[in-house]
Amino acid sequence: MKQRGRHRRRRRGRALRAALTGAALALTGAATLISASQATVADDPGALKPLTSAADTDALRLTEHRVPRPWLDRLSDSMGAPVGVDAVLDSADHTLRDAADCTADDRETLPVFPAATRAYCWEEDDTEDWRPGAVTTSGDADEDGRWGAHRVILSAWTRDDGTPEGGLARISFVDADDPDRLSYTSALLAVPVDGGHDYRGLASPVSGMVWYQDKLLVTAGSGDRDALYVYDVERVQRATAEADAVGRVPGGWAANGQPYVLPAVASYRLPDTDDAARPGAISLDRGTAPDSLVASERVPADVDRPTRLWRYAFGTDPARSGLPAADSAGRVDAVEAYATGATEVGGVLSYRPPGAARSDWYLGRAAGGHDGRGTLWRQDTEGARATECGADRSQRCWSGQAGSLSYWARTGEVWSQSGRMLFALPLTSIEDALD
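First residue of the sequence shown? That's 172 in the numbering used here, and the numbers climb one at a time after it.
Okay, structure coming up:
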């Protein structure tokens, strides 16, 4: 049944591909040319290998730590009542430009094939000294694709302070109601300290992010024992002081110049072992029952070990909305895990086509030691297939930085980010390119 479904998608995709060809040329222009140095076929990661031993699964276990409610209440008492997503969007004061108005260098970071059908670039002044991170949308947050009345995109950024760990992290809230005019504003990610009398900035690159129900889950960098931090999107606080500092300052509360602060409400800690798996990219899979959080780790190309892919089930208790299912001790165990030969994985997506027996795994692999572009693979327990482009059928067709992948089921689009470009393309076009 799965193969027949793919063939049906392939037939539909042929017509779609023809329709998208013009858009692909307009978006990427000269960037679609693949140099001879990029024509080398990428290493085939092979089939996924299930991980089932206790030693393998124990390395994936997380332990939940909730920020005490009095701490959060103390912050809101001092800073003022929290605001929701609507209030944040109403104050959006920056604009994303359409791809046609972006620089050639920016557009060159877009995938070659399959090509983006929608693409935008961020304001240069606002993103200077910030590194782009993960993307998630209101398509993850709610099945109807909206948060309240709005279509919303969230984009993560990390202050580039010259270290691999990065400096402060922020989330840009994008009002995507009008696809011809995307506007945004940002909130600093913070962690309450001192009993809720203050907060510190989350000093971590956010390479993975999922907005599920009212919670936003983000990955933490290697310098932090916690693997994931959790934020409540209905607990956004207004910064009251325009200062470069973070936290309580004379006369108010500062957020490094950002207009809002988002304090963490929980975190998930890794096992205290050398082989603990740190999520590098995460995404949402609504094709499982219950919905699940998909994760991958980032293994460099020069490290001789496989990359692990796994998933955690989300809980169904309304009192724990948006959180992974945990036992009475707060432990969260992986419900499925695999090893893959892929390295430099920067984006992961798991999707189960209607009627299929299992999910396909999509891996965006960064260029790594190769100049230019990365690769996009689809894997399952039977094998792997990459998208190809150009007369030489190069597999280096994807964005070089291979950012996170987020599937918006209502629109059928996959969203990602590469450099200063935010872009989307239909999942059907990816399937067509793979088939």
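Where a beta carbon is used, it is the ideal one built from N, C-alpha and C, also for glycine.
What separation, rounded to the nearest whole angstrom, lies between the Cα atoms of residue 599 and residue 378?
Counting only the Cα atoms, residue 378 lies some 25 Å from residue 599.
Runs of alpha helix (DSSP H) lying entirely within the region 238-318, each at least 4 residues, in chain order
Within the region 238-318, the runs of alpha helix (DSSP H) at least 4 residues long that lie entirely inside it are, in chain order, 240-250, 256-261, 275-278, 295-298 and 309-312.
In this structure, how does DSSP classify residue 421 when only helix, strand and coil are distinguished?
Residue 421 sits in coil when the DSSP states are folded into three classes, being neither helix nor strand.
Below 7 Å CB to CB, which residues in the same chain sit around residue 341 once its five sequence neighbours on both sides are set aside?
Counting only Cβ-Cβ distances below 7 Å, and skipping sequence neighbours, we find 328, 357, 358, 359, 360 and 429.
So what does DSSP say about residue 320, is it helix, strand or coil?
Residue 320 falls in the coil class under three-state DSSP.
Three-state class that DSSP yields for residue 222 in the structure shown:
Under the three-state reduction of DSSP, residue 222 is assigned to coil, being neither helix nor strand.
Let me know if residue 386 comes out buried or exposed under the rule of 16 or more other beta-carbons within 10 Å of its beta-carbon.
Flag for residue 386 reads buried.
Could you have a look at residue 363 and say whether DSSP puts it in helix, strand or coil?
Of the three classes helix, strand and coil, the one that applies to residue 363 here is strand, per DSSP.
Would you mind reading off the limits of the alpha helix (DSSP H) that contains residue 602?
In the DSSP assignment, residue 602 falls within the alpha helix (DSSP H) that extends over 598-605.
Excluding the 5 residues preceding and the 5 following residue 330 in the sequence, name in chain order all residues of the same chain whose CB lies nearer than 7 Å to its CB.
300, 301, 337, 338 and 339.
Let's test the definition: count the other Cβ atoms within 10 Å of the Cβ of residue 239 and tell me whether it reaches 16, buried, or not, exposed.
Around the C-beta of residue 239, fewer than 16 other C-beta atoms lie within 10 Å, and the residue is accordingly described as exposed.
Nearest-angstrom Cα distance between residue 372 and residue 530?
The C-alpha of residue 530 is placed about 37 Å away from the C-alpha of residue 372.
Note down, in chain order, each residue of its chain lying with its Cβ closer than 7 Å to the Cβ of residue 391, except the 5 sequence neighbours on either side.
Closer than 7 Å at the Cβ level, and outside the excluded window around residue 391, lie 375, 397, 398, 399 and 400.
Where do the N-terminal and C-terminal ends of the beta strand (DSSP E) with residue 557 fall, by residue?
Annotation for residue 557: the continuous beta strand (DSSP E) segment containing it runs 554-557.
Sequence-distant residues of its chain with Cβ nearer than 6 Å to residue 624 (five each side left out):
Residue 624 lies beyond the stretch modelled for the chain, which goes from 172 to 606, so this question has no answer here.
With burial defined as no fewer than 16 other Cβ atoms inside 10 Å of the residue's Cβ, what is the status of residue 586: buried or exposed?
By the 10 Å Cβ count, residue 586 comes out buried.
Tell me which residues share the same chain as residue 343 and place their Cβ nearer than 6 Å to its Cβ, disregarding the 5 neighbours each side in the sequence.
For residue 343, where only same-chain residues beyond five positions count, the Cβ hits under 6 Å are 326, 355 and 357.
Answer yes or no: do residue 407 and residue 259 have a C-beta to C-beta separation smaller than 7 Å?
Contact: yes.
Distance check for residue 475 and residue 317, CA to CA, integer angstroms please.
Taking the Cα positions, residue 317 is about 43 Å away from residue 475.
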